[in-house]
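Following this note's numbering from start to finish, the sequence shown increments by one per residue and tops out at 1844.
All residues carry an ideal CB built from backbone N, CA and C; glycine is no exception.
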Amino acid sequence: MLPYGRQSIDERDIEGVLGVLRGEWLTTGPAVGAFEEELAAWTGGVPCVSVTSGTAALHTAYAAAGVGPGDEVVTSPITFVATAATAAMLGARVVFADVEEDTANLDPAAVEAVVGPRTRAVTAVDYAGHPAEYDVLRKIASSVEAVVVGDAAHSVGSRYHDRPVGALADLTTFSFFPTKTITTAEGGAVATADVELLRRARRFRNHGLVRDPQELRDPDEGGWHQEVHAFGLNYRLPDVLCALGVSQLRRLGAFRERRARLVERYNKALQGLAGLRLPTRRPHADPAWHLYSVGVLGGRRREAYERMRAAGIGVQVNYLPAYWHPVFADMGYRRGMCPVAEEFYARQLSLPLFPDLTDSEQDRVVEALHAILG
Ligand SMILES: *Cc1c(COP(=O)(O)O)cnc(C)c1O
């Protein structure tokens, strides 16, 4: 089965990992800082904290922002459930706002209608790699003193008004799962330019431990002494995986180009196919495409999904509206809440898109889709 997304691992990646395995550190060692610095080269210099997954990154970002009981987090339903689940697990109430019809990104007008004094964070998702409308979202969020979190699991390497993802939100989270644009197997990161949020994120990923003598409550306890002032977790991304991240980041430019080329080929080959809606791009956005997301019209999405799968093409659906998950339904969230998102979901299909997808494999996808919808 041709997958919808998968990693690209070459000899340099393997050498990078082997180098760490032959060395002294398996976990917190020099590759961690190296990876965080190389990642910051893609965020316009905004400092990055590596963590063990995109989910851990969201959890860390919300914890750093002080999200807790009594707070509301406004987000998009067109996302992987972790965007909302991590806020809910910190005790916040998740408020879903509808998405824009073209990009399936959080609609600023829908956000404006639901923010208020309880809003602690507004979390945008750069669906398929296309950046959300950060400038507008930041204005709305700051009017209620909330932070903007960018779930950039899809969009490392994307740009918006000539600024990189990572420099657009107060806190940006990345995922390095194998289907994403670069991989560390499991992994993620939080980027933030705010020194206080950065300090809190760094602490949260390491049990909340404080070591700086200036900040210890009991500085005279002894040389071994360290303290916890606020609870944290162990979300440290090991050196072995950071080494893979370093070599993957060196390939990100090439990945971006190959993905752009494949998107262009899909656009050409599929334009004019009736019953299919192709992805769009806003003029000020320069996406590093993660998904090639199409809309299958005429109520034929399920048929297209099943027939493509039967043809050995692992298409995917991204995503079930988050509040359709029974865990939200059980809390009283009702279908129909975000009609644009639900309509988007009803048509959505992701075609295979990854750097090692060959032209002829892509042609096979196109032919299969023509055979079904043509
Ligand atoms: C993949 C993904 C996540 C979760 O990342 P993991 O690394 O799998 O934990 C969160 N949000 C979005 C939009 C994602 O695509």
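Counted within 10 angstroms of its Cβ, other Cβ atoms place residue i as buried (16 or more) or exposed
i	result
Pro-1689	exposed
Asn-1788	buried
Ile-1610	buried
Gly-1844	exposed
Leu-1641	buried
Phe-1701	exposed
Ala-1780	exposed
Val-1733	buried
Met-1778	buried
Ser-1613	exposed
Glu-1485	exposed
His-1840	exposed
Gln-1741	exposed
Gly-1715	buried
Phe-1490	It should be noted that the sequence gives Val, not Phe, for residue 1490. When all chains shown are included, Val-1490 counts as buried.
Thr-1750	exposed
Gln-1684	exposed
Ala-1583	exposed
Leu-1496	exposed
Gly-1802	exposed
Asp-1568	buried
Asn-1737	exposed
Thr-1828	exposed
Val-1581	buried
Residues near residue i in its chain [Cβ-Cβ closer than 7 Å; skip 5 each side]
i	result
Gly-1782	Met-1471, Leu-1472
Gln-1696	Leu-1679, Val-1680, Arg-1681
Ala-1511	none
Glu-1776	none
Gly-1768	Gly-1745
Thr-1589	Glu-1542, Val-1544, Val-1614, Ala-1616
Leu-1509	Cys-1518, Ala-1659, Leu-1719
Cβ neighbours of residue i in the same chain (closer than 6 Å, five flanking residues each side left out)
i	result
Ala-1558	Val-1564
Gly-1765	Arg-1747, Arg-1817
Gly-1514	Pro-1634, Ala-1637
Ala-1531	Val-1619, Leu-1641, Thr-1643, Val-1660
Arg-1670	Ala-1534
Ala-1739	Val-1836
Ala-1811	Pro-1547, Ile-1548, Asp-1568, Val-1569, Pro-1791
Arg-1608	Val-1618
Leu-1668	Pro-1517, Thr-1662
Residue interval of the alpha helix (DSSP H) (run including residue i)
i	result
Ser-1717	1709-1740
Tyr-1532	1524-1534
Ser-1830	1829-1843
Tyr-1762	Element bounds for Tyr-1762: not the alpha helix (DSSP H) but the beta strand (DSSP E), 1762-1766.
Phe-1505	1500-1510
Val-1551	Segment: none, Val-1551 is in no alpha helix (DSSP H) and carries neither H nor E.
Val-1581	1578-1584
Residue i - partner residues in DSSP beta bridges
i	result
Ser-1478	DSSP, once it has assigned bridges, lists no residue as partnering Ser-1478.
Asp-1621	Val-1595, Thr-1643
Glu-1697	Val-1680
Leu-1472	Ile-1783
Asn-1704	Asn-1676
Val-1614	Val-1614 pairs with nothing; no bridge assigned.
Ser-1520	Ala-1659
Arg-1747	Gly-1765
Tyr-1630	Arg-1633, Ala-1755
Thr-1589	Glu-1542
Val-1569	Leu-1576
Start-to-end residues for the beta strand (DSSP E) that takes in residue i
i	result
Leu-1819	1818-1821
Thr-1545	1542-1545
Pro-1660	Looking at the sequence provided, one finds Val at residue 1660 rather than Pro. First-last of the beta strand (DSSP E) with Val-1660: 1658-1661.
Gly-1678	Where Gly-1678 is concerned, there is no enclosing beta strand (DSSP E), given that its DSSP letter is neither H nor E.
Phe-1798	Counting along the chain, Phe-1798 falls outside any beta strand (DSSP E), though it belongs to the alpha helix (DSSP H) covering 1796-1799.
Val-1565	1563-1566
Contact belief for residue i with residue j at Cβ below 8 Å, rounded distance in angstroms
i	j	result
Ala-1755	Pro-1601	5 Å
Arg-1771	Leu-1819	6 Å
Thr-1522	Gly-1658	7 Å
Asn-1575	Val-1606	Actually they do not touch by this definition, with Cβ atoms about 11 Å apart.
Gly-1538	Gly-1561	5 Å
Gly-1499	Asp-1632	With a Cβ gap of about 36 Å, Gly-1499 and Asp-1632 do not count as contacting.
Ile-1652	Phe-1725	7 Å
Pro-1825	Arg-1673	Pro-1825 to Arg-1673, Cβ: 36 Å. No contact.
Chain-order list of residues whose beta-carbon lies under 8 Å from that of residue i (same chain, five-residue window excluded)
i	result
Ser-1628	Asp-1596, Gly-1599, His-1600, Pro-1601, Ala-1622, Pro-1634, Val-1635, Ala-1755, Asp-1756, Pro-1757, Ala-1758
Pro-1822	Leu-1472, Pro-1473, Tyr-1474, Gly-1475, Tyr-1762, Ile-1783, Gly-1784, Val-1785, Glu-1831, Gln-1832, Val-1835
Tyr-1604	Ala-1594, Val-1618, Gly-1620, Tyr-1630, Leu-1638, Ala-1639
Cβ-heavy atom distance, residue i to ligand 3, below 6 Å
i	result
Asp-1568	In the structure shown, ligand 3 is absent; the only ligands present are ligand 1.
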